[in-house]
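Take a look at the structure below.
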Amino acid sequence: MSGKIRVGLIYGGKSGEHDVSLQTAMAVMKAVDFTKYEVVPFYISKKGEWKSGAPLLAPIASKEVLTFNSVDSAHAPVSNALAPIFGAVQPKGDVTLASAAAAGTKDGIDVIFPLLHGTFGEDGTIQGLLEMANVPYVGAGVLASAVGMDKVMMKKIFAQEGLPQCIFRHFTRTEWEKNRAYHLVELETAIGYPCFVKPANLGSSVGISKARNQAELIQAVNFAFQYDRKVIVEENIDAREIEVAVLGNDEPQASVVGEIVSSNEFYDYKAKYVDGKSAMVIPADIPAETAEQVRQLALQAFLAVDGSGLSRVDFFLGKADQKIYINEINTMPGFTPYSMYPLLWQESGKPYAELLDDLIRLAIERHTAKQSIQYSFDVE
């Protein structure tokens, strides 16, 4: 095992995207180069229970092994969520690529790869835990993760940056219940029909509805409130859905531009993960100058939220006027070999295994740079 970097994979989780996370974890475990890395699995059940597995030296065979439900998968139940990070997952100290590769020890984790989607995974919560443990980890930090999950805060930051976006309004459950009539008038005046109603903090298009009249709007808002205490309503734009993958830390790079052609009226959870009929067009069939503008806007959005590691930035491209609107940034996008993010990089000349190498390198580089920051001040 000498010379290998030990990578802790955290996957599963309590969010509605638990199964998506398992798909991602399976893909990473099958693709990782075991001549370079030793993988330690950490599974979080839908109830929030943690399980840690023995180090993996080869790809796993099934989902049952992934979730420790197989007789072939030895695991250690963890009594609380902090134990894997502050107990079993103790960092080895100051980590660099060279020291990680040279250590080759059974003690500690060199870098964590949090393969968690949605609430409690890409919203800054697990990132905060990893920051407290002082462990290098792949992907966005606490701030970028939280902003990337909260569509309202995201759009406010995008507005501050001057990024073009559609008209939107937002309110909490309390505000809606206290003054529903006011919000209905405001929505119908500012946005009109049809419009889209979304939970402010959720991914994978869960809880999203298209409302064509007031009755559908009320129903859609109530439905969205099942998934969050805050709802956002956006105008409908007759547009193509364009996406860009971003990779890096302070000097990020943008991939080629891709397009999603949804099998449904809009790109909801079913269109993404269930029916398998949505198409990805890579590269997107758009003018070169438009593609370059989208790529630059993606980089601007990434830097605006203080992104790091990876993100996928989604846009609308108006069918009639070719106007570009930023939709959202996803700081932990789907990461199977068939997901848009790795496919965009594959088309850009970076295969899946190389992408994994880059993300681990970026995580360790960011952590190393942060070790020089002073967090205390001695007045004497």
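Heads up, the sequence shown is in the UniProt record's numbering, so the first residue is 1 and it goes up one at a time.
Cβ atoms here follow ideal geometry from the backbone N, Cα and C, with glycine treated the same way.
CA-to-CA distance, Glu175 to Tyr341, given in whole angstroms: 37 Å
Using DSSP's beta-bridge definition, name the partner residues of Gln253. Leu247
Residue of Ala288, Glu241, Ala245 minimising C-alpha distance to Gly318: Glu241
Taking DSSP's pairing of strands, which residues face Ile167 in a bridge? Looking at the DSSP assignment, Ile167 forms no beta bridge with any residue, so it has no partner.
Helix, strand or coil: how does DSSP classify Met332 here? coil
One question on the structure: do Val20 and Gly118 come within less than 9 Å of each other, judged by their Cβ atoms? yes
State yes or no: is the beta carbon of Tyr137 nearer than 9 Å to at least one beta carbon in chain B? Absent from the structure is chain B; it holds one protein chain and no more.
Since Arg240 sits in a beta bridge, which residues does DSSP pair it with? Leu317
Cβ atoms of Val233 and Cys195: under 9 Å apart, would you say? yes
Given a threshold of 16 other Cβ atoms within 10 Å of its Cβ, counted over all protein chains shown, does Tyr37 qualify as buried or as exposed? Buried is the call here.
At which residues does the beta strand (DSSP E) containing Gly128 begin and terminate? Segment 125 to 133 is the alpha helix (DSSP H) holding Gly128; no beta strand (DSSP E) there.
Gly8 and Phe34 closer than 9 Å at C-beta: no
In the DSSP output, which residue or residues are listed as bridge partners for Thr172? Lys230
Give the secondary structure of Glu38 by DSSP, where H, G and I count as helix, E and B as strand, and everything else as coil. Assignment of Glu38 by DSSP, reduced to helix, strand and coil, places it in the strand class.
Sort out for me which residues DSSP pairs Asp150 with in a bridge. Asn201
Looking at the structure shown, is Leu356 part of a helix, part of a strand, or coil, going by DSSP? helix
Would you kindly check if the distance between the Cβ of Ala301 and the Cβ of Ile329 is under 9 Å? yes
For the putative contact between Glu161 and Ala298, defined by C-beta atoms under 8 Å, what is the C-beta separation to the nearest angstrom? No, Glu161 and Ala298 are not in contact; Cβ-Cβ is about 12 Å, not under 8 Å.
Measuring CB atoms only, is the segment 152 to 168 touching the segment 181 to 188, in the sense that at least three cross pairs come out at less than 8 Å? Output reads no: the segment 181 to 188 does not touch the segment 152 to 168.
CB Gly12 to CB Ser45, shorter than 9 Å? yes
If you count every other CB in all the chains shown that lies within 10 Å of the CB of Leu130, and 16 or more means buried, which is it? buried
Does Tyr43 come out as helix, strand or coil in the three-state DSSP assignment? strand
Identity of the residues DSSP links to Tyr137 by a beta bridge: Ile112
Let me confirm a value: Val379 is counted as buried when at least 16 other C-beta atoms fall within 10 Å, else exposed. Which label applies? exposed
Leu56, enclosing beta strand (DSSP E) - first and last residue: Element bounds for Leu56: n/a, residue is neither H nor E.
Own chain partners of Asp228 with C-beta closer than 7 Å, once the 5 adjacent residues on each side are dropped: Cβ neighbours of Asp228 beyond the five flanking positions: Pro199, Ala200, Asn201, Leu202.
Is the beta carbon of Gly307 closer than 9 Å to that of Val190? Note that residue 190 corresponds to Ala in the displayed sequence, not to Val. The answer is no: Cβ separation not under 9 Å.
Residues near Ala81 by beta carbon distance below 6 Å, same chain, minus five either side: The predicted position of Ala81 is uncertain, since its pLDDT is 37 and thus under 50; no value can be drawn from it.
Where DSSP assigns a beta bridge to Leu310, which residues make up the other side? Leu247
Between the C-alpha atoms of Ala271 and Ile260, what's the straight-line distance to the nearest angstrom? With a pLDDT of 44 at Ala271, under the threshold of 50, the modelled position of that residue is not reliable, and the figure given next carries that caveat. Near 10 Å, if we compare the C-alpha coordinates of Ile260 and Ala271.
Across which residues does DSSP place Val261 in a beta bridge pair? Ala279.
Per DSSP, which one or two residues make a beta bridge with Glu186? Glu186 is not bridged to any residue.
Following the continuous alpha helix (DSSP H) through Lys63, name the residue where it begins and the one where it ends. 63 to 66
Does the segment 250 to 257 come close enough to the segment 211 to 222 to have 3 or more Cβ pairs within less than 8 Å? no
Asp150 versus Glu64, Gly121, Ile60, residue with shortest Cα-Cα distance: Gly121
Option in Ile126, Asn222, Tyr193 with minimal Cα separation from Arg173: Asn222
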